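Numbering (the numbering used here), first residue to last: 1047 to 1606.
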């Protein structure tokens, strides 16, 4: 008797990994490992959180609030042992566009609503379907985001004086081109020095925190030398030394309707980004995350972060990978990373005022370069015409239109190409429908159909073999092939043993053929149908005496 696999219970799907780790046993050695890794990740997250917030059009402290509140919740309640939550570069485009359209209060409301959506997606167990996003789509939108992030940093990389920077790429580049005469050599020197330090540290001391080292050196040199560069202090007035009190964003029916499209975009990108990050952690550790539990935690984090003035929270691939490499044991590491960032705000926030914006722009330039997935992009361009088209369409739509539109159109195009390929794989073969006088030609290789001596029978019996996925995409081609069989046979045998799946359209195609055969008084046998295929046929009314089912083709031939 075949063994049955029990469906996972609610607790199996939604128990946070923190509880699992604590249940396994958690000692001082584990705490030491998580403390070291948590501190390492916090050092990486500190400049990144501020840089991403600035690039998103909000103040740097909001990026830190996001990592502190959202990051703690993602680790405490998430379905991955190693996920690190916080602001992500992938959201820069959407967040900056939302701020431009609806202001900071509109952004907070959109993030709050996206949290409700993410929690609902997790509870409805829809996280499993995110894995169906095709690889060319993910590479295309990631490369597009990388290019937009880099374009957003040109102003600070060059120290340009620009009153208002447009959001769309082409107007942005036009405005930057017009502001080139205001270039600040000191800012360019700081940015290039920051990038050089990051690259050098990663090459010669890959385990050292390159981002914080580069930013600290740039801040010290700029402050001690009196370089005329813009800093966090000169633009934003510094960072508060405390978390703000929680409060709900401004909620009204009109405002909710206005920001709803932005919230949907946040939720869609949050699903993809967080689960991709969890998959990366799984591939590095051999563990398995709980996707729906992770999405529920992401939802809770995005509900809580705006209450404290934070922006969108998602799993971050770079910080998660850093967490794994630093030797984290479990979610306590991510929780401690948030605690260390909170201590920075409480103790050392005034030091952030000296950080040059050109240094943070250099950090994001390196992030964009690493995000671009250049090797994968080139590989997909060469792989096949279909993959190249999906990749380029997604990439160009993300850059020139909209991130969500790029993902949806890329996914739809991939689906159409997949259906086309599956439809081409379906085949109909007339195995035996040969009069005696035709058999000699067939045996000699001149016949129209393959001949199998073991299935030779009365010439008035036609054996038709269907293979592949028999679904709506292949129905027209299969139906045309069936019509060409002719009306001479007195019995038909359908060999469906090679049919991997049959949908309602495919079943209706067979049912139409059976109806025509019945009008001519011809019997129809179906051989080798899998249980799922047979069930679909029965639902569409193909039962004795209209059709007769047989387990094997040989049995059907003998009966016919």
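Beta carbons: idealized from backbone N, C-alpha and C, even for Gly.
These figures come from a predicted structure and were not determined experimentally.
Residues that residue i bridges to, as DSSP identifies them
i            : result
residue 1596 : 1573
residue 1513 : 1473 and 1544
residue 1352 : In DSSP, residue 1352 forms no bridge with anything.
residue 1290 : None; residue 1290 has no bridge partner.
residue 1537 : 1507 and 1569
residue 1316 : Residue 1316 is not bridged to any residue.
residue 993  : A query on residue 993 cannot be resolved here, the shown segment of the chain reaching from 1047 to 1606 and no further.
residue 1361 : 1131
residue 1277 : 1402
Identity of the residue in the options nearest residue i by Cα
i            : options                   : result
residue 1571 : 1554, 1552 and 1600       : 1600
residue 1235 : 1210, 1222 and 1265       : 1265
residue 1064 : 1090, 1119 and 1101       : 1119
residue 1163 : 1568, 1440, 1469 and 1347 : 1347
residue 1555 : 1596, 1590, 1474 and 1591 : 1474
residue 1182 : 1370, 1195, 1438 and 1223 : 1438
residue 1208 : 1173, 1256 and 1276       : 1276
residue 1288 : 1198, 1278 and 1387       : 1387
residue 1199 : 1455, 1594 and 1409       : 1409
residue 1058 : 1390, 1334 and 1370       : 1334
residue 1238 : 1341, 1228, 1412 and 1292 : 1412
residue 1354 : 1591, 1365, 1151 and 1586 : 1151
residue 1291 : 1247, 1351, 1302 and 1257 : 1351
residue 1472 : 1393, 1286 and 1514       : 1514
residue 1596 : 1538, 1121 and 1563       : 1538
residue 1574 : 1090, 1542 and 1227       : 1542
residue 1531 : 1553, 1560 and 1447       : 1560
residue 1372 : 1076, 1135 and 1069       : 1076
residue 1113 : 1341, 1102, 1125 and 1133 : 1133
residue 1568 : 1591, 1450, 1551 and 1070 : 1591
residue 1448 : 1464, 1310, 1402 and 1377 : 1310
residue 1087 : 1368, 1458 and 1206       : 1368
residue 1109 : 1370, 1141 and 1079       : 1141
residue 1460 : 1562, 1431, 1169 and 1303 : 1431
residue 1201 : 1379, 1462, 1406 and 1081 : 1406
residue 1456 : 1143, 1441 and 1230       : 1441
residue 1103 : 1246, 1174, 1211 and 1084 : 1211
residue 1280 : 1252, 1396 and 1293       : 1396
residue 1213 : 1143, 1330, 1185 and 1258 : 1143
residue 1262 : 1074, 1219 and 1093       : 1093
residue 1079 : 1278, 1377 and 1363       : 1377
residue 1557 : 1392, 1206, 1586 and 1254 : 1586
residue 1598 : 1540, 1160 and 1553       : 1540
residue 1308 : 1145, 1394 and 1402       : 1145
residue 1081 : 1508, 1526 and 1384       : 1384
residue 1607 : 1126, 1240 and 1605       : Here the chain comprises residues numbered 1047 to 1606, so residue 1607 is not present and cannot be evaluated.
residue 1522 : 1466, 1328 and 1173       : 1466
residue 1186 : 1536, 1469, 1420 and 1170 : 1420
Anticipated Cβ contact below 8 angstroms, residue i with residue j, distance rounded
i            : j            : result
residue 1516 : residue 1524 : 6 angstroms
residue 1400 : residue 1260 : In fact, because the Cβ distance is near 14 angstroms, the residues do not count as touching under 8 angstroms.
residue 1274 : residue 1155 : Their Cβ separation, rounded to whole angstroms, is 39 angstroms, which puts residue 1274 and residue 1155 out of contact at 8 angstroms.
residue 1359 : residue 1344 : 7 angstroms
residue 1138 : residue 1098 : 6 angstroms
residue 1122 : residue 1381 : 6 angstroms
residue 1157 : residue 1297 : The pair is not a contact, with the Cβ atoms about 13 angstroms apart (cut-off 8 angstroms).
residue 1379 : residue 1083 : 4 angstroms
residue 1398 : residue 1106 : 7 angstroms
residue 1453 : residue 1226 : Actually they are not in contact, since the Cβ atoms of residue 1453 and residue 1226 sit about 34 angstroms apart, beyond 8 angstroms.
residue 1126 : residue 1340 : 6 angstroms
residue 1366 : residue 1128 : 6 angstroms
Proximity test, residue i beta-carbon vs the ligand ZN heavy atom, cut-off 8 angstroms
i            : result
residue 1256 : The ligand ZN is absent from the structure shown, which contains no ligands of any kind.
Inside the segment 1184–1255 only - alpha helix (DSSP H) runs reaching at least 4 residues: 1215–1224 and 1231–1250
Report the start-end ranges of each alpha helix (DSSP H) in the segment 1115–1189 that is 4 residues or longer and not cut off at the edges. 1117–1123 and 1138–1169
I'd like to know if the segment 1541–1560 and the segment 1575–1584 are in contact, where contact means that at least 3 CB-CB pairs between them fall below 8 angstroms. yes
Check whether the segment 1415–1423 touches the segment 1180–1194, counting contact only when three or more Cβ pairs, one atom from each stretch, lie closer than 8 angstroms. yes
Inter-stretch contact (C-beta, 8 angstroms, three-pair minimum) for the segment 1433–1447 and the segment 1317–1326: no
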